[in-house]
Amino acid sequence: MPKYLLVSFKTCPWVQRSAIVLREKGAAFEFRHIEPDNRPDWFLAMSPHKKVPVLRIDDSVSLFESNAINEYLDETIAPRLHPDDPVQRAVNRAWTDYIPTFAESVTGMAYADDEAAYNKAAAKIPIAFERIDGALERQGAGPLFNGTKYSLVDAGYAPFLQRYFFLDRIRPIGLIGKYPRLKAWADTLMKRPSTHSFPEAEFEAMYRTNVKRRNKWISQFVADPAIAAE
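So the sequence shown is numbered by the working numbering: it starts at 978 and just counts up by one.
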């Protein structure tokens, strides 16, 4: 099997998507964490957008953009996570393409400068939740997006659903419970070992520290970096 190096910021959800895929496939890989405020020259030479993730393959090829990385991994390492049926595969790719909109909708509150902006950001969450809940209904009985078979859609949404839960524990939002299919899917993904790059409490503490450091409106509700949920 090729040698994989995944370049990351510790709490980046886009990197987490690719790490999840590697773990679901049982592929060994090395994490290399860099600092967002001190991006080394060797990394900048690999990443045209100056963003993570970058997947380095056998010290010779560098791939960037999480969708491209995940598609490559799915094409080259068994088991395939995309459905065999071409229509379902297209449906999965379409909902993977929706992830940036979903991510901005459900985590935008973390970047709001004041209460009005926070409330405006929070108002986007039901729209995103309704769309995904409807997709889950059309897909079938669950517990995963395609039923019982894990997919790139599951890997793609897991980091952002995780961050929704983190934000909900900083300042209660109370929305996901109104969407039982979505809540059940999210709970299933949170229980899956592949979702987690760090022990859960450690990672949530890192996330809370980042929220506090950003000094946005929600930062005042992070009383300390310790985990809120026990």
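We treat Cβ as the ideally placed atom computed from N, Cα and C, and that holds for glycine. This structure is a prediction, so every number in the text was calculated from the model and none was measured.
Query	Result
Below 8 Å between beta carbons: does that hold for residue 1165 and residue 1136?	no
Residue 1181: buried (16+ other C-beta within 10 angstroms of its C-beta) or exposed?	buried
On the criterion of 16 or more Cβ atoms from any shown chain inside 10 Å, does residue 994 qualify as buried, or is it exposed?	buried
Using only alpha-carbon positions, find the residue among 978, 1002, 1158, 1015 that is nearest to residue 1124.	1158
At 3 residues or longer, what runs of the beta strand (DSSP E) sit wholly inside the region 1117-1141?	none
Does DSSP put residue 1189 in a helix, a strand or coil?	helix
Suppose you measure from the CA of residue 978 to the CA of residue 1052; what does that come to, to the nearest Å?	14 Å
I think residue 1163 touches residue 1153, with their Cβ atoms under 8 Å apart; what is that distance to the nearest whole Å?	7 Å
Helix, strand or coil for residue 1203, going by three-state DSSP, please let me know.	Only weak support is given to the placement of residue 1203: the predicted model assigns it a pLDDT of 46, under 50, and the value that follows is read from those uncertain coordinates. If DSSP states are grouped into helix, strand and coil, residue 1203 belongs with coil.
Inspect the beta-carbon positions of residue 1054 and residue 1032 and report whether they are closer than 8 Å.	no
If I'm right that residue 1001 touches residue 1178 with Cβ under 8 Å, what's the distance once you round it to whole angstroms?	Wrong, their Cβ atoms sit about 23 Å apart, outside the cutoff.
Excluding the 5 residues preceding and the 5 following residue 1087 in the sequence, name in chain order all residues of the same chain whose CB lies nearer than 8 Å to its CB.	1140, 1144, 1188, 1191, 1193, 1195
Which runs of the beta strand (DSSP E) fall wholly inside the region 985-1055 and span at least 3 residues, in chain order?	1007-1010, 1031-1034, 1038-1041
Residue 1028: which of 1016, 1035, 1115, 1126 sits nearest, CA to CA?	1016
What's the C-alpha gap between residue 1130 and residue 1098?	24 Å
DSSP on residue 1075, reduced to helix/strand/coil?	coil
In this structure, how does DSSP classify residue 1156 when only helix, strand and coil are distinguished?	coil
Does any CB atom of chain B fall closer than 8 Å to the CB of residue 1007?	The structure shown contains no chain B; it is built from a single protein chain.
Under a Cβ-count criterion, where at least 16 other Cβ atoms within 10 Å of its own Cβ denotes burial, should residue 1085 be classed as buried or exposed?	buried
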